[in-house]
Amino acid sequence: MSAFQNLDPAGVSPEDRINALRGYKATINNPRVSEEAKQHAHEMIDSLGGDQPRAEMKQFDQQHDQNRVAGGLKAYVFALIILSDMERWMC
2 MSAFQNLDPA
12 GVSPEDRINA
22 LRGYKATINN
32 PRVSEEAKQH
42 AHEMIDSLGG
52 DQPRAEMKQF
62 DQQHDQNRVA
72 GGLKAYVFAL
82 IILSDMERWM
92 C
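First residue of the sequence shown? That's 2 in this note's numbering, and the numbers climb one at a time after it.
#1: If we ignore side chains and look at the alpha-carbon of each, how far apart do isoleucine 83 and arginine 18 end up?
#2: So, helix, strand or coil for valine 34, using DSSP?
#3: Is valine 70 helix, strand or coil when you go by DSSP?
#4: Taking the C-alpha atoms as reference points, what is the distance between proline 15 and alanine 76?
#5: Assign leucine 22 to one of three DSSP states: helix, strand, or coil.
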């Protein structure tokens, strides 16, 4: 079970999971942290899925980019329609 599963019924965003992973990785690399804390950080990284949140984030970005491209094309077509209407009115 993920460390975040029972916190929010809507789920935790990949960004939140990545931020948590950053904190645990910092704990592992901090020389002032006890071995127990480092072991706990390793366990939490494993329970959070390692680099899985990064893959989820990349997938979200790809979908988001596709939506932006579709929106841009829609705006371009709309602008062409408006321009052709303006040309008709000006003649």
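Virtual Cβ for every residue (Gly too), placed ideally from N, Cα, C.
Straight from the coordinates:
#1: Start at 1 with the first residue of the sequence shown, and residue 83 comes out as number 82. Start at 1 with the first residue of the sequence shown, and residue 18 comes out as number 17. Answer to the nearest angstrom: the Cα atoms are 45 Å apart.
#2: Numbered from 1 along the sequence shown, position 33 holds the residue referred to as residue 34. Coil at valine 34, not helix or strand.
#3: Counting from one through the sequence shown, the residue named residue 70 turns up at place 69. Correct three-state label for valine 70: helix.
#4: By 1-based counting over the sequence shown, the position of residue 15 is 14. By 1-based counting over the sequence shown, the position of residue 76 is 75. Cα to Cα, the separation comes out at about 30 Å.
#5: Here residue 22 corresponds to residue number 21 of the sequence shown, with the count starting at 1. Here leucine 22 sits in helix by DSSP.
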